[in-house]
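Numbering (my numbering), first residue to last: 213 to 350.
First comes the structure, then the notes that go with it.
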């Protein structure tokens with residue numbers, strides 16, 4: 213699931229003024245994040261029923277890495293949601309709600325639930341997320 217897209221800072225100089233909300237909603241985008249194998253199974257559902265439902269409700273395309281196909285250096289699977297910004301956000305909300313409800317269902321057990329979700333962010337975008345001196349994420 214390696215991306216072939218690149219980010220070039222000089223593209224910023226050639227951009228038109230801020231797009232309206234309608235313009236940005238139509239541009240295709242995607243988000244990738246990592247989840248445990250168990251969480252991936254929860255998102256897929258029996259026979260793919262949950263992921264099919266989430267795709268129908270959100271309009272986004274939701275893809276998971278194959279079983280035993282992990283993000284390098286981890287034992288986590290990759291979820292990629294693609295579509296318009298609105299579709300991606302809707303798909304992400306559905307998945308996070310599902311994972312949150314699963315987390316609460318596990319709280320009754322003696323085992324501490326895994327409360328971690330990791331975003332996959334290109335190195336070229338990290339500075340923009342962190343901000344100068346960490347100002348954005350403080």
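Glycine included, C-beta positions come from ideal geometry on N, C-alpha and C.
Keep in mind the model is a prediction, meaning the values are calculated, not measured.
In whole angstroms, what separates the C-alpha of residue 290 from that of residue 239? 22 Å
On a CA-only basis, which of 260, 303, 259 is nearest residue 244? Give me that one, please. 303
Secondary structure at residue 329, three-state DSSP: helix, strand or coil? coil
Beta carbon of residue 241, beta carbon of residue 332: below 8 Å? no
Beta-carbon contacts of residue 275 that lie in its chain and below 7 Å, excluding the five residues immediately before and after: 292
Does residue 346 come out as helix, strand or coil in the three-state DSSP assignment? helix
C-beta contact flag for residue 296 and residue 273 at 8 Å: no
Consult DSSP for residue 237 and reduce its assignment to one of helix, strand or coil. Residue confidence is low: residue 237 scores 48 on pLDDT, short of 50, so the model does not pin down where it sits. No coordinate-derived value is stated.
Assuming residue 261 is part of the alpha helix (DSSP H), what are its boundary residues? 261-270
So residue 294 is in the beta strand (DSSP E); what residue range does that whole segment cover? 289-296
Suppose you measure from the CA of residue 342 to the CA of residue 264; what does that come to, to the nearest Å? 35 Å
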